[in-house]
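Numbering-wise (my numbering), the sequence shown opens with residue 5 and increments by one.
Just below is one structure, and these are the notes that go with it.
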Amino acid sequence: LKAMQKRQVRRLKIRQLLLLLLRMLIILVVVLAFARPTTTGGSIGSHASVSAVILLDNSASMNRQVTDGNLFEIAQKRTQQLLATFGESDEVVLISLDKASQDEQLAVFTSSAVADERLQRLQAGYGEADFESGLDAAVALLDNAANLNKEIYIVSDRQRRSLPDKNLLAETDAHIYLLDLPVEENDNCSITAVDFGGQLLIPGHDFDITATVKNYGAVDRSDIIASLFLDGHRVAQTDVKVGAGQEATVRFTRNLSRGGFHSGYVELSDDRFPGDNRYYFSFRIPEKFNVLIIDSDGAGRFIGLALVPSMSVNQYWSVKEASPEKLSQVNFADYDVIILAGAPRLHTSYTNRIKSFVKRGKALFVTYGGATDIEYFNQEWSEVTGVVFDEPIKENFTRAGYYTFQTFEVDHPVFSIFGFEKSQPPEIKFYTLPKAHTTGGAQTLASFSGGRPALVQSTYGKGKVLTFAGPVSPFYGDLASHAFFVPFVARIAEYLASDLSSYDLQLFSGEQITRSISMKGSFRTSLELAAPDGRTYSIPPEEDKGTLVLWPKPTDLPGVYRISYIGREIDRFAVNLDPAEGDLSEVDVDQFAAALGAPDYHLLGSDRSLAAVISEMRFGKELWHLFLWAAVILLIAEMLLARTAPAE
Numbered sequence: 005l006k007a008m009q010k011r012q013v014r015r016l017k018i019r020q021l022l023l024l025l026l027r028m029l030i031i032l033v034v035v036l037a038f039a040r041p042t043t044t045g046g047s048i049g050s051h052a053s054v055s056a057v058i059l060l061d062n063s064a065s066m067n068r069q070v071t072d073g074n075l076f077e078i079a080q081k082r083t084q085q086l087l088a089t090f091g092e093s094d095e096v097v098l099i100s101l102d103k104a105s106q107d108e109q110l111a112v113f114t115s116s117a118v119a120d121e122r123l124q125r126l127q128a129g130y131g132e133a134d135f136e137s138g139l140d141a142a143v144a145l146l147d148n149a150a151n152l153n154k155e156i157y158i159v160s161d162r163q164r165r166s167l168p169d170k171n172l173l174a175e176t177d178a179h180i181y182l183l184d185l186p187v188e189e190n191d192n193c194s195i196t197a198v199d200f201g202g203q204l205l206i207p208g209h210d211f212d213i214t215a216t217v218k219n220y221g222a223v224d225r226s227d228i229i230a231s232l233f234l235d236g237h238r239v240a241q242t243d244v245k246v247g248a249g250q251e252a253t254v255r256f257t258r259n260l261s262r263g264g265f266h267s268g269y270v271e272l273s274d275d276r277f278p279g280d281n282r283y284y285f286s287f288r289i290p291e292k293f294n295v296l297i298i299d300s301d302g303a304g305r306f307i308g309l310a311l312v313p314s315m316s317v318n319q320y321w322s323v324k325e326a327s328p329e330k331l332s333q334v335n336f337a338d339y340d341v342i343i344l345a346g347a348p349r350l351h352t353s354y355t356n357r358i359k360s361f362v363k364r365g366k367a368l369f370v371t372y373g374g375a376t377d378i379e380y381f382n383q384e385w386s387e388v389t390g391v392v393f394d395e396p397i398k399e400n401f402t403r404a405g406y407y408t409f410q411t412f413e414v415d416h417p418v419f420s421i422f423g424f425e426k427s428q429p430p431e432i433k434f435y436t437l438p439k440a441h442t443t444g445g446a447q448t449l450a451s452f453s454g455g456r457p458a459l460v461q462s463t464y465g466k467g468k469v470l471t472f473a474g475p476v477s478p479f480y481g482d483l484a485s486h487a488f489f490v491p492f493v494a495r496i497a498e499y500l501a502s503d504l505s506s507y508d509l510q511l512f513s514g515e516q517i518t519r520s521i522s523m524k525g526s527f528r529t530s531l532e533l534a535a536p537d538g539r540t541y542s543i544p545p546e547e548d549k550g551t552l553v554l555w556p557k558p559t560d561l562p563g564v565y566r567i568s569y570i571g572r573e574i575d576r577f578a579v580n581l582d583p584a585e586g587d588l589s590e591v592d593v594d595q596f597a598a599a600l601g602a603p604d605y606h607l608l609g610s611d612r613s614l615a616a617v618i619s620e621m622r623f624g625k626e627l628w629h630l631f632l633w634a635a636v637i638l639l640i641a642e643m644l645l646a647r648t649a650p651a652e
């Protein structure tokens, strides 16, 4: 009996030891499973889980033709092949580099299937590649990733102008892969600018449109055709010759029979990068320009006659004269240009209203007169005009001697139409002049003998200001009776009004665009933005000191945009591809990697299987699931052993 009892006790102790051992093994195996051990090698598809970020360059420069087809479509196919190398346990995120598409994406890890769906929807954009934002997002995602293998893939044409300023990948421990693309030689020609030359656009009058064509290639080009399209019709075309690495200009002369909004584009013949072959423009021709002359010394009458010598021949100037005492009923907003003849002393409220008028983008012309109070002028108008008067005009003078014009800026739009030789300004006599000097950023366009400023240009807010620092009245000289006077005054008015013949030529895809429109009445509902592709969007109106301010969106698509209110067009503007995007020059792979801060990179060429190359760089097979199964088996064994144990 005692022997049986001893055997039972021995069996019980053995069973207890086995249970203890099993439970210890279960704990050990579970801990090992959570530690996610891996082997050091592995075959294709047999690797630890991966967290990968794919940066796909879909900027404008990618949308070009190479020998094998469209470069962006080639990049898409290579990216699709890359996505096929990921397994079900891998997490992937596809980040596009065009700024407009970045705004629409949510950078979170998904499966390769979801990333592939996004890839199929992705299109080439119209801006430059934003590597800084894309790489920042990639590093942040991988810093928080749990998988053992961390990888960044960059699919790009390595355009030189898009390189980031920071070494953004210098601190990451992820493997960096660069997918090689067939970018080929840069032989692009593009339109970099369209210019109207500060002309006053008038119905029925000729105007010039000048386009600048740049050849980025290494071969002279004489096979280019430039065409002008205006209001939907091709109206002119011409051949263009441009040397390697050089620029050339092409000029078109047209006229329009009616005012209002107009738009068009200059287009080059097809090449491998069509995105920059077309440059859009828009402009508005007012039906009539309204000029207000505030006169204090009689000079305003001569200026008015120079602009409107006869009502029967006037076509586009509407001139109103008013004395400083009769401005209470004048609405300055009804005028495009204000002329202060003789710089009269005005009530502070009128002075402030005129300053606000100029700040909002309108124009001001100021002339000096015999009755000008220089102390008042320097206090109220020097900041606006950039002119400071040191001494007034002399009232007691003889006509024995005189001043005359000494120099003109003959290339300035005010004087360029006259064809003056630099050494031969017109001889116009001024028997006395005030002493003056310029200040701030004012530019002297003409000077009197002795170096005194004659015509001075400045800007104030958004407006343009010209100041004639000499007398106009015939009492002080023969300017008003000289043949030069009428075209001189007309040209000044045309130049000041040229900004009112509004044309926007420097609005580019991806930029924040602001439109300011002079209000006449209030806007009670949203305005409508019509995009070049025919889609329409609502824009909420905002008022700022009598001006309607709009921030239209989206404006990433190149073309002409129209803004309407209750079916009436109130604004039109053109958006273009940034001309710098036409420079397709790329850096080599080493320079590209160094700019990113990734000297240790892996180049994925088209001559090897992506899966084979990538698998060599990944850690081997994960063993956590094997340890987890072992823990389950041990747990079952422990349960069976514990169930068969006899009661103590």
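We put the CB at the ideal spot given by N, CA and C, even for glycine.
| Item | Value |
| --- | --- |
| How many whole angstroms separate the CB atoms of E95 and S55, which I take to be in contact at a CB cut-off of 8 Å? | 5 Å |
| Would you tell me roughly how many angstroms separate the C-alpha atoms of S47 and S619, rounded to the nearest one? | Caution applies to S47, whose pLDDT of 46 falls short of 50 and renders its modelled position unreliable; the value that the coordinates give is listed next. Taking the straight line joining both Cα atoms gives about 7 Å. |
| Expressed to the nearest angstrom, what Euclidean distance is found between the alpha-carbon atoms of L110 and N148? | 16 Å |
| Is DSSP giving D338 helix, strand or coil here? | helix |
| As an exercise, report each continuous alpha helix (DSSP H) stretch of at least 4 residues that is fully enclosed by the stretch 28-99, in chain order. | 75-87 |
| Identify whether W321 lies in helix, strand or coil by the three-state DSSP scheme. | strand |
| Please give the ranges of any alpha helix (DSSP H) in the stretch 367-419, keeping only runs that are unbroken, at least 4 residues long and fully inside the region. | 378-384, 386-389 |
| Using only alpha-carbon positions, find the residue among D243, V239, F211 that is nearest to I289. | F211 |
| According to DSSP, is E690 helix, strand or coil? | Not covered by the structure: residue 690. The range shown for the chain is 5 to 652. |
| May I ask you to report which of helix, strand or coil DSSP gives D210? | coil |
| Please classify N356: does DSSP put it in a helix, a strand, or coil? | helix |
| State the CB to CB distance for the pair D587 and S513, rounded to an integer number of angstroms; the pair is presumed to be in contact (CB under 8 Å). | With a Cβ gap of about 16 Å, D587 and S513 do not count as contacting. |
| So, is I432 buried or exposed, given that buried needs 16 or more other C-beta atoms within 10 angstroms? | buried |
| Excluding five sequence neighbours on each side, which residues of the same chain lie with their C-beta closer than 8 Å to the C-beta of S194? | V217, K218, Y220, L272, F277, D280, N281, P583, G586 |
| From this set, F419, R403, L183, T242, which residue's C-alpha is nearest R612's C-alpha? | L183 |
| What does Y499 pair with, by DSSP beta-bridge criteria? | DSSP, once it has assigned bridges, lists no residue as partnering Y499. |
| Can you look up P278 in the DSSP assignment and give me helix, strand or coil? | helix |
| Apart from the five residues just before and just after S589, which ones in its own chain have a Cβ nearer than 6 Å to its Cβ? | R164, N190 |
| Taking the straight line between their C-alpha atoms, what separation do you get for E547 and V553? | 6 Å |
| Buried or exposed: where does P562 fall if 16 or more other Cβ atoms within 10 Å of its Cβ makes it buried? | buried |
| Under DSSP, the beta strand (DSSP E) around Q447 begins and ends at which residues? | 447-452 |
| Are the CB atoms of A37 and L60 within a distance shorter than 8 Å? | no |
| Give the single residue among L260, S261, V244, N259 whose Cα lies nearest to the Cα of T253. | V244 |
| Who pairs with A578 in a beta bridge, going by DSSP? | V564 |
| According to DSSP, simplified to helix, strand and coil, what is V159? | strand |
| If we ignore side chains and look at the alpha-carbon of each, how far apart do L205 and N294 end up? | 14 Å |
| In whole angstroms, give me the CA-to-CA distance for G538 and Q69. | 27 Å |
| So A303 and G373 are supposed to be a Cβ contact under 8 Å. How far apart are they, rounded? | 6 Å |
| With a CB to CB cut of under 7 Å and the five nearest residues on each side skipped, what residues in its chain are close to K398? | T436 |
| Go through its chain and collect everything with a Cβ distance to T443's Cβ below 6 Å, but skip five positions before and after it. | G390, V392 |
| If distances are taken between C-alpha atoms only, which option among V460, H266, D592, V223 comes closest to E251? | V223 |
| Can you confirm whether the stretch 374-388 touches the stretch 334-347 when touching is taken to mean that 3 or more C-beta pairs between the two stretches lie within less than 8 Å? | yes |
| Quick one: Cα of F409 to Cα of N171, how far? | 58 Å |
| What do you get for E652, buried or exposed, if any count of 16 or more other CB atoms within 10 angstroms of its CB means buried? | Confidence is the limiting factor: at E652 the pLDDT is only 48, short of 50, which leaves the residue's position unreliable and the question unanswerable from this model. |
| Might you give, ordered along the chain, the residues of its own chain that have their beta carbon closer than 8 Å to the beta carbon of T71, omitting 5 neighbours on each side? | P186, E188 |
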